[in-house]
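These notes are about the structure you will find just below.
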DNA sequence: GTGAAAGCGCTAACAC
DNA sequence: GTGTTAGCGCTTTCAC
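Chains as they are written, first to last, in my numbering: chain A, 146 to 481; chain B, 146 to 481.
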């Protein structure tokens, strides 16, 4: 049996309340008593029972991080930084997988509303609507990371339209003119365009360039092979692009490989730019230019929003936009 | 205020106990009552309070996964698979960062013994000794993933000596003769050799090859740049190696880059093999041959060990060895 | 400044 | 089959 507050109290010859005060660093405890209690705590190896504390206070000190996959969230480094930020604020993080695109439909039922957590951090786009409803119905605050806004939730937003436009600007700056895009969702043509696509279109339009048919390649997912296939297709286009804007770094890495297999040199024959600043892009050959938000910023702000929300449950939903930057590397070096 | 068992009981006109029985799928409940209770649960949106249940049963349904970093554990895919395996067994996973090598010394104090978890999964080598002590003292079972055995803990072991030997065999099979190794710990020379080094030495020795001075390169960490530097050094060696055995994929990726910068072709001039089957190695240029254990196997067995341990706390520590395999890719293609 | 006692929501004996 | 009740370990009024 684990030692409890009572055991410590007996050992230190004080009341339970006093021990509790000492453990929780409350004032109004004489130095002498405090020392005695501390000693008893150490002697008995006392560790507070989290479940009991949670039951009593209603605070678990636990955050749920819901992402498609811990080792491959939408934004590289997000999971890591969330754990760091949470730790520094006294929270611990439980991870839930949303799963692949196809698995997500079932997510609300599977994940239910993670019980026992103080708040949920949702680090994914295309979240099945039932999921957020379930959390909110259970009284668990939700903080959104990225796009897919929800008026009821706090959010640290990414301006993907702007990021896409910045990517295009960068390609234009390096002298590219025939810029194709890879990674739009299959539903894009019929449904509402996603921000990345809007940014892409606007930037291309602003530059006075035209968009040959087929330059906006949709992909079912954002895996290397999706990028590979889309790039192969584009390289066979009668107006072969001189730049590829990829909606995710993985797609871009696949595109790099497709270029190699097609005998094209990057960046000499075709430039490639991605989104997300993944680690593999930093070490690919050539290294990959990417546009990315700072995951540490996102994580820090998200955890800050959580603490604020817990303090004032009824405050209006807050919305912060995280800055992003183009990180120029070899894959878009200007051709001189 | 959230709805409780009592609310549901009142609504369904039964006792608390009956509701509890229904919620926990206990037998001995008439179908009629069961249906009524289910209905009340839905109508009121009841969700069990985890903290209360934990306090009562002593089971939190929570596993702590302690790794250097969620998005970069020792073995690629480990964190992901642990979350999957845990989920399928009804556990949720809270992640703790051990931090970089230098931060680890402070880990026992920082991580303490994560309270409120049923067991700890330790997915790291070079674990500061105090950490395991703290968990065990608190009565929290620990399952080790990988090397660093501890006689008091269950373990899913990796036979790194064998994996290293297999890597060398593979290089020999592809016609290599001057095989250098990158990634031994700096303390290697004085302290006990790690398994990878033993496997390397044995395999080289068995093949009747000699080991020129400097062929065992130590690195402070296992980052790309460490591999890069070690490889650069070896390429300048008077007996330039025709193969590089790297203790981790990251080192190998760094080595690939070093080869490119030095004007060497991989695999024509030098072969490179890594350990861990990282994703970036699958898409590097050339793609990287690697030796790896199956992270899904590791995770599954680890979670199985946890459940077994929780059922019989006093059983003798179990030790399972996970299989591994050489995954041949471009970086070690035979030179014909 | 410290102590006694109530009760958070749940499960498990035990009675019926 | 179902109801009653005690109590898990903690925090928190409320007296003293």
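Quick reminder that beta carbons are idealized off the backbone N, C-alpha and C, glycines included.
**Request:** Below 8 Å on the Cβ atoms is my guess for residue 185 of chain A versus residue 157 of chain A; work out the distance and round it to an integer in Å.
**Result:** Numbered from 1 along the first chain, position 40 holds the residue referred to as residue 185 of chain A. Numbered from 1 along the first chain, position 12 holds the residue referred to as residue 157 of chain A. Confirmed, about 4 Å.
**Prompt:** Listing by chain order, which chain B residues have their CB less than 9 Å from the CB of residue 482 of chain A?
**Reply:** Coverage of chain A is limited to positions 146 through 481, which leaves residue 482 of chain A absent and any answer about it impossible.
**Item:** Span of the beta strand (DSSP E) around residue 471 of chain A
**Value:** Position 326 of the first chain holds residue 471 of chain A. Element bounds for residue 471 of chain A: 469-472.
**Request:** Check residue 363 of chain A in the structure and name its three-state DSSP category.
**Result:** Stepping through the first chain from its first residue, residue 363 of chain A is reached at position 218. Of the three classes helix, strand and coil, the one that applies to residue 363 of chain A here is strand, per DSSP.
**Message:** Helix, strand or coil for residue 476 of chain B? Go by DSSP, reduced to three states.
**Reply:** As a first step, residue 476 of chain B must be located in the second chain, where it is residue number 331. Reduced to three states, the DSSP call for residue 476 of chain B is helix.
**Backbone CA spacing between residue 301 of chain B and residue 233 of chain B [nearest angstrom]** = Taking the first residue of the second chain as position 1, residue 301 of chain B is located at position 156. Taking the first residue of the second chain as position 1, residue 233 of chain B is located at position 88. If you take the alpha carbons of residue 301 of chain B and residue 233 of chain B, they lie about 19 Å apart.
**Message:** Any C-beta of chain A within less than 9 Å: which residues of the region 337-365 of chain B qualify?
**Reply:** Against chain A - using a Cβ distance shorter than 9 Å - the region 337-365 of chain B contributes no residues.
**Request:** Indicate whether at least one CB of chain A lies closer than 8 Å to the CB of residue 214 of chain B.
**Result:** Start at 1 with the first residue of the second chain, and residue 214 of chain B comes out as number 69. Chain A contact via Cβ: present.
**Prompt:** Quick one: Cα of residue 414 of chain B to Cα of residue 432 of chain B, how far?
**Reply:** Residue mapping note: residue 414 of chain B aligns to position 269 of the second chain, counting from 1. Residue mapping note: residue 432 of chain B aligns to position 287 of the second chain, counting from 1. Taken atom to atom, the span from the alpha-carbon of residue 414 of chain B to that of residue 432 of chain B is near 15 Å.
**Message:** On the criterion of 16 or more Cβ atoms from any shown chain inside 10 Å, does residue 455 of chain B qualify as buried, or is it exposed?
**Reply:** The residue labelled residue 455 of chain B in the question sits at position 310 within the second chain. It is exposed - the Cβ of residue 455 of chain B has fewer than 16 other Cβ atoms within 10 Å.
**Item:** Between the CA atoms of residue 216 of chain A and residue 217 of chain B - distance to the nearest angstrom
**Value:** One-based indexing of the second chain puts residue 217 of chain B at position 72. One-based indexing of the first chain puts residue 216 of chain A at position 71. In a straight line, the C-alpha of residue 217 of chain B is about 8 Å away from that of residue 216 of chain A.
**Message:** Taking beta-carbon pairs under 8 Å, can you tell me which members of the region 227-245 of chain A lie near chain B?
**Reply:** Listed by position, the residues of the region 227-245 of chain A near chain B (Cβ gap below 8 Å) are 228, 229, 232, 237, 238, 239, 240, 241 and 242.
**Request:** Give the straight-line distance between the Cα atoms of residue 224 of chain B and residue 315 of chain B, rounded to the nearest whole angstrom.
**Result:** Translated into positions along the second chain, residue 224 of chain B becomes position 79. Translated into positions along the second chain, residue 315 of chain B becomes position 170. Going from the Cα of residue 224 of chain B to the Cα of residue 315 of chain B covers about 28 Å.
**Message:** Looking at residue 276 of chain B: is its Cβ nearer than 8 Å to the Cβ of residue 253 of chain B?
**Reply:** Locating residue 276 of chain B in the second chain gives position 131, counting from the first residue. Locating residue 253 of chain B in the second chain gives position 108, counting from the first residue. By the CB criterion at 8 Å, residue 276 of chain B and residue 253 of chain B fall inside the cutoff.
**Asked** What are the uninterrupted segments assigned as beta strand (DSSP E) that are 3 or more residues long and contained completely in the region 177-246 of chain B, given in chain order?
**Response** Within the region 177-246 of chain B, the complete beta strand (DSSP E) runs of at least 3 residues are 207-212 and 237-242.
**Message:** At the 8 Å Cβ level, is residue 199 of chain A part of the contact set with chain B, yes or no?
**Reply:** In the first chain, counting from the first residue as 1, residue 199 of chain A sits at position 54. Residue contact check for residue 199 of chain A against chain B: a CB pair falls below 8 Å.
**Item:** Counted within 10 angstroms of its Cβ, other Cβ atoms place residue 245 of chain A as buried (16 or more) or exposed
**Value:** Numbered from 1 along the first chain, position 100 holds the residue referred to as residue 245 of chain A. Exposed is the call here.
**Of the listed residues B/364, B/154, B/255 and B/240, nearest to residue 262 of chain B (C-alpha basis)** = Here residue 262 of chain B refers to the residue found at position 117 when the second chain is read from its first residue. Minimum Cα distance to residue 262 of chain B is reached at B/240.
**Contained alpha helix (DSSP H) runs [length at least 4] in the region 426-470 of chain A, N- to C-terminal order** = At a cut-off of 4 residues, the continuous stretches assigned as alpha helix (DSSP H) that sit fully inside the region 426-470 of chain A are 440-456.
**Prompt:** Just curious, the alpha helix (DSSP H) that residue 300 of chain B is in, first and last residue?
**Reply:** Here residue 300 of chain B refers to the residue found at position 155 when the second chain is read from its first residue. DSSP places residue 300 of chain B outside any alpha helix (DSSP H); the residue lies instead in the beta strand (DSSP E), whose first and last residues are 299-303.
**Request:** Anything in the region 385-415 of chain B with a Cβ closer than 9 Å to a Cβ of chain A? List those residues in chain order, please.
**Result:** From the region 385-415 of chain B, only 395, 398, 399, 401, 402 and 405 have a Cβ closer than 9 Å to chain A.
**Under 9 Å from the C-beta of residue 369 of chain A: neighbouring residues of chain B** = On the first chain, position 224 is the one that residue 369 of chain A refers to. Among the residues of chain B, those whose CB is under 9 Å from the CB of residue 369 of chain A are 424, 427 and 428, following chain order.
**Prompt:** Between residue 147 of chain B and chain A, is there a C-beta pair that is closer than 8 Å?
**Reply:** Position 2 of the second chain, counted from the start, is the residue given in the question as residue 147 of chain B. For residue 147 of chain B, the closest Cβ of chain A is nearer than 8 Å.
**Item:** Under 7 Å by beta carbon: chain A residues contacting residue 261 of chain B
**Value:** Start at 1 with the first residue of the second chain, and residue 261 of chain B comes out as number 116. Correct list: 195 and 196.
**Request:** Measure from the alpha carbon of residue 423 of chain A to the alpha carbon of each residue in A/362, A/251 and A/395, then state which is nearest.
**Result:** For the purposes of this step, residue 423 of chain A is taken as the residue at position 278 of the first chain. Ranked by how close their Cα comes to the Cα of residue 423 of chain A, the residues A/362, A/251 and A/395 have A/395 in first place.
**Asked** Per DSSP, residue 418 of chain A forms a beta bridge with which residues?
**Response** Taking the first residue of the first chain as 1, we reach residue 418 of chain A at position 273. A/390 and A/434.
**Message:** How far does the beta strand (DSSP E) with residue 375 of chain A in it extend, from its first residue to its last?
**Reply:** The count along the first chain starts at 1 and reaches residue 375 of chain A at position 230. No beta strand (DSSP E) holds residue 375 of chain A; the alpha helix (DSSP H) holding it covers 369-380.
**Prompt:** Can you name the residues of chain A whose CB is closer than 8 Å to the CB of residue 284 of chain B?
**Reply:** As a working mapping, residue 284 of chain B is identified with position 139 in the second chain. Going along chain A in sequence order, the residues near residue 284 of chain B (Cβ under 8 Å) are 147.
**Message:** Can you give me the C-alpha to C-alpha distance between residue 389 of chain B and residue 325 of chain B, rounded to a whole angstrom?
**Reply:** In the second chain, residue 389 of chain B corresponds to position 244, counting from 1. In the second chain, residue 325 of chain B corresponds to position 180, counting from 1. Rounded to whole angstroms, the separation of the alpha carbons of residue 325 of chain B and residue 389 of chain B is 5 Å.
**Message:** Tell me which residues share the same chain as residue 462 of chain A and place their Cβ nearer than 8 Å to its Cβ, disregarding the 5 neighbours each side in the sequence.
**Reply:** As a first step, residue 462 of chain A must be located in the first chain, where it is residue number 317. Answer for residue 462 of chain A: 296, 297, 298, 299 and 300, listed in chain order.
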